[in-house]
Amino acid sequence: MSIFITVAIIFLVLMIVYQIAQASEYAAALRATEKERQKKTNYIMASLLVAFFFFGLYAIWQCHFSLLDRMLPKSASLQGEAYDMMFKVTLITTGIVFFITHALLFWFAFKYKATDDRKTSFFFAHNNKLELIWTTVPAIVMAVLVAIGLRNWMTVTSPAPADAHVIEIVGKQFNWIVRYPGTDKVLGKRNYRDINDATNVLGIDQKDPASKDDIVAQNGEMHLVVGKPVKLIIGSRDVIHDVGLPHFRLKMDAVPGITTTLWFTPTITSAEMKEITKNPNFVYEISCDQMCGKGHYSMRGTIIVETQAEYDKWLASQAPYFAPAAPAAAPAADSAAAATPAVAVK
Amino acid sequence: MSNEAIVHGVHDAHATHADEHHHAHEHHEQHFFSKYVFSMDHKIIAKQFLITGIIWAIIGALMSVFFRLQLGFPDKTFPIMEKFLGEWAKGGKLDPEFYYALVTMHGTILVFFVLTAGLSGTFANLLIPLQIGARDMASPFMNMLSYWFFFLAGVIMFISLFLQTGPASGGWTTYPPLSALKEASLGSGTGMDLWLVSMALFVVSSLLGGLNYVSTILNMRTKGMTMTRMPLTIWALFFTAVLGILSFPVLLSGFVLLIFDRSFGTSFYLSEIFIGGKALPNVGGSAILYQHLFWFLGHPEVYIIMLPGMGMASEILSTNSRKPIFGYFAMIISLVGITVLAFLVWAHHMFVTGMSPFLGSIFVLLTLLIAVPSAVKVFNWLTTIWRGNIRFTPPMMFALGFVSLFISGGLTGIFLGNSALDIHLHDTYFVIAHFHIVMGVSAFFGMFAGIYHWYPKMFGRFMNKPLAYIHFFITFIGAYLIFWPMHYEGIAGMPRRYYDYSAWESFKNFTSLNAFISVVVIVVFFAQLLFVFNFFASIWKGRKVTTQNPWGSTTLEWTTPINPGHGNWEGDIPEVHRWSYDYRDDGHGNDFIPQTTPLRPGEEAH
Ligand code: HEM
Ligand SMILES: [Cu+2]
Ligand SMILES: [Cu+2]
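Chains A and B supply the protein sequences, listed in that same order. Each residue of the first sequence is one higher than the one before, counting from 43 in my numbering. Each residue of the second sequence is one higher than the one before, counting from 20 in my numbering.
Below you can see the structure in the form of structure tokens.
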């Protein structure tokens, strides 16, 4: 019922507004000729557009400085530093183009509003030289931006250094599971058919000796060593997710059925970042950046960047996922498991 | 009220109005149904597309108001929402599942139903025959089918809103496995089935329409209307149709594979999935394959939305500056460039899916290349108004706004097209800001410009001007207030498609900004209702058009009677003698020379 009343009221208000607007248009028609009215309208609208331009510049300024303190702190990875630099270059380039084109747009609009002084406008239909200029100049600018971009892209996507820590991160609806290879530095094989939410959340192959010392963190907490490259092995149990690392300026999809990777070098510890941001609650967060269902917005992981000593201490306190007391793997070859493609993770 | 009732109601009333004007020259009585419902007159079909599009736009916009309420005020409840959405907003609090359904429907409706069908459907139908000098489309029957397939697609999508499990909720891009598995989300059940059926019908509608537009433009131009004398609107609509014809079938094939995976146990997109407590048997598929198929349409699609606006803005800027469009040929060549490149950049939506970095580099190069023809168009528009005699009619205001928005949104594309920047910005609010400005609002501005400009041709009346200016300023200012700050959120890494940010240390400091944006959204929403009211009220109450050519245009549609009947011209179709942008002194005190005016002795053709 109240919906109908609301709609009816909105309708009524619109009708009244329309009537007033219509009456004012007719009244204007009585007061002045079509030509005079158009001239007046031209003047008002051209002025309003110019006002919009200046108000807009002021608003951009305001917006920029009022939001500055809410932006991300400086990049916490080496890769992100190159990103920040490149972002700045692109921002300045596009900012200049934005300003010039808009200034011209509103200036021309104001300057060339129709008045009685000019009867016909300047007949100017084409000019090949101009076209050539504004085809080549943007092309050159784009070429420069592409060059910077591809250089950074090559660096970011290059193979990880051999000494990089290997850590696996797997998405599922709706949380992250992190796995560390343990002392042997090798992750045990996984097979999605072995997944069991109670006993084996990642489907780790227990017969693989490499899996014995693997450590699994189901709370989505990832520990990294500052200054030490890390290579993420990224996977998903169900739908597509995305490992979003805003503070490191990186992200990579987690796709079921394939393994993606991403490597970077963290440069600032969590403790240092708390000081930089003057926020005692600061924490590096892993956001899921690919829509994955109704809990997408709550799919949160965290990263703790620490010194080698802190890391070692933390690692020593962690128990392997499969307690050593577990019965030794039966020697019988499980033919079904052998026939299914395992996610080959090393 | 159902869609159908609204459409019929309007046509019903329109019938009486049109009859008054038409009787004089209409020699045969047509039944109401064949004249206004199953009509084969391109002008009526255009109005059907437009009115259906407007209704969908209201629904889609209302959805965005609901989910913006959630985003802006996550800790408040809105009882009004429960009134509209029932169980899905119990106690006035939006359910997360339905939040995603609303976002999905909003995207689907606005991208496909409003800015594709509503925009191309309206203006291709209205303008192609009128501006090239044809009595109707090449196949009026196929044209009618095109509308009714669209209508059917709409009915099915509308029904899906009322399902127990809700409509599709996997985003407008509906990536599998999320969209393929019932276990993955409520909306991936029946809602997704209906979504796929509806979209398949929609593709059929687009193809029927597109083939018709292309064959009409190629074959049915009046005497003297060479391709290079056509208005840029026609060129733009031509390339729009070409883009659709070549890319929609690929989308359909992607959908067919998805339907197979969903219902017939195939594994095109599925591999090694553990969901709902069990491991699925599917192995060997690729979830990424769907994204390739989707974006092979998806990117051309954004230009399908953009080009009609570009064409209409060119026409309107030139007419109201009383100056020829600058660089007519450069405009056509840049349209060709955009059309070709549009097919070669799709993977820029997939930089972080783990695809080969080398392939990524190629797509970076091609993507940034597309900025060049875009820039050419902007500079040509600016030069068109330079030293003009600008009349600030409502369509002109929207055309100027269109240029501003296209610049703003195009420039952020340069960030996203560079994979080394996209690796941070992908799927954040930066992308939301980019495509809403460049495609959402700017295409809407093109559409508004077109509606205000050709309204006199459609209904023989003008829309109310004071309201049009109010509509313009609220929308223009509002659009920037809504989307400009979103760039900042995106640069700060704030992910898109989140129901609530309050648990996130990194993003919760944008709460007040989100509230601000949501308030502006509501204001802008009501300003659009003002437009809708103006549109419908002016059909009966608008100021009457008294001259054949109210804007002083050169093009052919203004040589038809004020209320053209089926067939458009009463006598012979006029012959064309010159190009469509001869805005100059005609020697009799006019500042334009219609295309039908023969060349003066000694005058050279353009
Ligand atoms: C200078 C030209 C442009 C460039 C370089 C460009 C580049 C891009 C890139 C790279 C993305 C992907 C961003 C991401 O998901 O991370 C994107 C997204 C998008 N662009 Fe553009 N773009 C341009 C112009 C346009 C135009 C003209 C339109 C529409 C008319 C448009 C509509 C869109 C849409 C709808 C999306 C987002 C789709 C989604 O993920 O839901 N873009 N653009
Ligand atoms: Cu996720
Ligand atoms: Cu694209």
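In this text, a Cβ means the ideal position worked out from N, Cα and C, and glycines have one as well.
- The Cβ of B/Pro376 sits closer than 9 Å to at least one Cβ of chain A.
- At a C-beta separation below 7 Å, A/Phe96 has no neighbours in chain B, since its nearest C-beta there lies roughly 13 Å away.
- Near chain B, meaning a CB-to-CB distance below 8 Å, the residues of the segment 163-180 of chain A are Ser163, Phe164, Phe165, Phe166, Ala167, His168, Asn169, Leu172, Glu173, Trp176, Thr177 and Pro180.
- B/Ser58 and B/His50 have their C-alpha atoms spaced approximately 10 Å apart.
- Taking a beta-carbon distance threshold of 9 Å, B/Gly379 counts as an interface residue toward chain A.
- B/Met374 and A/Thr177 have their C-alpha atoms some 31 Å from each other.
- Counting the other CB atoms within 10 Å of its CB gives B/Phe550 a total of 16 or more, which places it among the buried residues.
- The straight-line gap separating the alpha-carbon atoms of A/Asn169 and B/Ile351 is approximately 15 Å.
- Distances from the CA of B/Tyr471 to each of B/Pro98, B/Tyr488 and B/Ser461 were compared; the closest alpha carbon is that of B/Tyr488.
- Partner residues in the beta bridge of A/Phe306, as assigned by DSSP, are A/Val272.
- CA-CA distance, A/Ala167 to B/Asn399, rounds to 10 Å.
- Think of a sphere of 9 Å around the beta carbon of B/Asp94: no beta carbon from chain A falls inside it, the nearest being about 15 Å out.
- Rounded to whole angstroms, the separation of the alpha carbons of A/Lys116 and B/His61 is 58 Å.
- Nearest to A/Gln350 by alpha-carbon distance, out of A/Leu244, A/Val139, A/Val267 and A/Pro362, is A/Val267.
- For A/Lys214, at least one C-beta of chain B is nearer than 9 Å to its own C-beta.
- In the three-state scheme derived from DSSP, where H, G and I count as helix and E and B as strand, B/Phe293 is classed as strand.
- A/Gln260 has its CB no nearer than 8 Å to any heavy atom of ligand 2.
- DSSP places A/Cys330 within a strand segment (E or B) once states are collapsed to three.
- Counting along the chain, no beta strand (DSSP E) covers B/Met244, and no H or E run does either.
- By the neighbour-count criterion, in which a residue is buried when 16 or more other Cβ atoms sit within 10 angstroms of its Cβ, B/Trp559 is exposed.
- Secondary structure note for A/Ala296: its beta strand (DSSP E) is the uninterrupted segment Leu292 to Ala296.
- Interface annotation, B/Trp503: in contact with chain A, CB-CB separation under 9 Å.
- Residues Met477 of the same chain have their beta carbon placed closer than 7 Å to that of B/Lys66, with the five preceding and five following residues left out of the count.
- Excluding five sequence positions before and after B/His368, the CB atoms of its chain that fall closer than 8 Å to its own CB belong to Gln310, Trp314, Gly317 and His318, given in chain order.
- Selection A/Ser253, A/Val272, A/Ile86 and A/Arg221 evaluated against A/Pro201 yields A/Val272 as nearest (Cα-Cα).
- Nearest neighbour of B/Leu90 by Cα position, chosen from B/Arg516, B/Trp570, B/Pro613 and B/Asn582, turns out to be B/Arg516.
- Only residues of its own chain outside the window of five on either side were considered, and among them Lys293 and Ile328 have a CB closer than 7 Å to the CB of A/Leu287, listed in chain order.
- In terms of Cα proximity to B/Ser393, the closest of A/Leu99, A/Val179, A/Ala93 and A/Ile51 is A/Val179.
- Burial check for A/Ala365: the Cβ neighbour count within 10 Å stays below 16, so the residue is exposed.
- With 5 Å as the limit, the residues whose C-beta approaches a heavy atom of ligand 2 more closely than that are A/His283, A/Cys330, A/Cys334 and A/Met341, in chain order.
- For B/Thr579, the closest of B/Thr96, B/Leu146, B/Phe131 and B/Leu134 by C-alpha to C-alpha distance is B/Leu146.
- Excluding the 5 residues flanking it on each side, B/Ala366 has same chain C-beta neighbours closer than 8 Å at His311, Trp314, Met374, Leu378, Gly379 and Phe382, in chain order.
- At least one heavy atom of ligand 3 falls within 8 Å of the beta-carbon of B/Gly317.
- Excluding sequence positions up to five before and after A/Val297, its CB lies within less than 7 Å of the CB of Ser278 and Ile282, all in the same chain and listed in chain order.
- Within 8 Å of the C-beta of B/His455 there is not a single heavy atom belonging to ligand 3.
- From the beta-carbon of A/Thr311, no residue of chain B is found nearer than 9 Å; the closest lies around 16 Å away.
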